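Only one structure is covered here, and it is reproduced in the block below.
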Amino acid sequence: MSGTAQRLADLEQALDDLRNENHRLNGELAQQQQNVAAIKAQRNQWNALPADVIQRRIEVMADPSSWDGNKAQFAEWWVKMRVWVTQNRTALPTDQDKAMAVWSRMKGPSAGWYIQAHFTTAVLSGMWPTWNELKFDVEQYFALQTEVEWCRKQLRELTPESVDFDQRLWQEPLNDLQESW
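In our numbering, the protein residues as written are 4 to 184.
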């Protein structure tokens, strides 16, 4: 009898374990069905949007096009380019993608030399600049150059005839300085 009782107890334990497993699986099934229902509701909500709203969500900002090497237009183009790359981070997931997106939109002789040097280095070393390194390099090479060129141009154009100073404001400090000597 003890063997039969033991066997019966083992079967009852196995039956209890199966019931517990069945209960757990039913709970998981109910959770997954809720997840599917939530996803369907989101899909239906998305499909209910007009096509132009969907397009605006996909393309947050238009492509900034290319920079032709005109130093006066660099700052505006560079701001648009940085925003565009940041907004399209899913389309440009790697450092190589970001670098190629920026470099491929730069034209002109100075940009060509810059790109050739950096592209060759990246390809040969297999090390592409990070987005922060790329921003720093481009700004250091082009933005600074643009500002320096602008300052030089302003200094070259500076003549006594082109400067319209208020003589009283300009002359009084000089007179005070001369009197103190």
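Here a beta-carbon is modelled for each residue, glycine too, at the ideal position from N, C-alpha and C.
Note that the structure is predicted; figures quoted are calculated from it, not measured.
First through last residue of the alpha helix (DSSP H) which encompasses residue i
i, result
"Gly6", "Ser5 to Asn50"
"Arg85", "Lys74 to Gln90"
"Asp100", "Asp98 to Trp106"
Reduced DSSP category for residue i - H, G, I as helix; E, B as strand; rest coil
i, result
"Met130", "coil"
"Gln58", "Note that Gln58 scores 49 on pLDDT, short of 50, meaning its location in the model is unreliable; the coordinates nonetheless yield the value given after this. If DSSP states are grouped into helix, strand and coil, Gln58 belongs with the helices."
"Ala94", "coil"
"Arg137", "The displayed chain sequence assigns Leu, not Arg, to residue 137. Helix at Leu137."
"Leu158", "helix"
"Gln125", "It should be noted that the sequence gives Ala, not Gln, for residue 125. Three-state result, Ala125: helix."
"Ala114", "helix"
"Ala146", "helix"
"Ala120", "helix"
Opposing strand residues paired with residue i [DSSP bridges]
i, result
"Trp70", "Met109"
Beta-carbon proximity list for residue i, same chain, < 6 Å, skipping 5 on both sides
i, result
"Ala125", "Trp131"
"Phe1", "This structure does not reach residue 1, given that the chain is present from 4 up to 184, and the question cannot be answered."
"Ala114", "Gly72"
"Arg22", "none"
Close-in-space but distant-in-sequence residues of the same chain around residue i (CB under 7 Å, 5 per side omitted)
i, result
"Gln37", "none"
"Phe122", "Trp106"
Sequence-distant residues of the same chain with beta carbon closer than 8 Å to residue i, five excluded per side
i, result
"Val105", "Met84, Val88, Leu137 and Val141"
"Ile118", "Trp106 and Met109"
- Message: Does the contact criterion of 3 or more C-beta pairs under 8 Å hold for the region 121-135 versus the region 92-105?
- Response: yes
- Message: I want to know whether the region 71-86 touches the region 104-124 - three or more CB-CB distances under 8 Å.
- Response: yes
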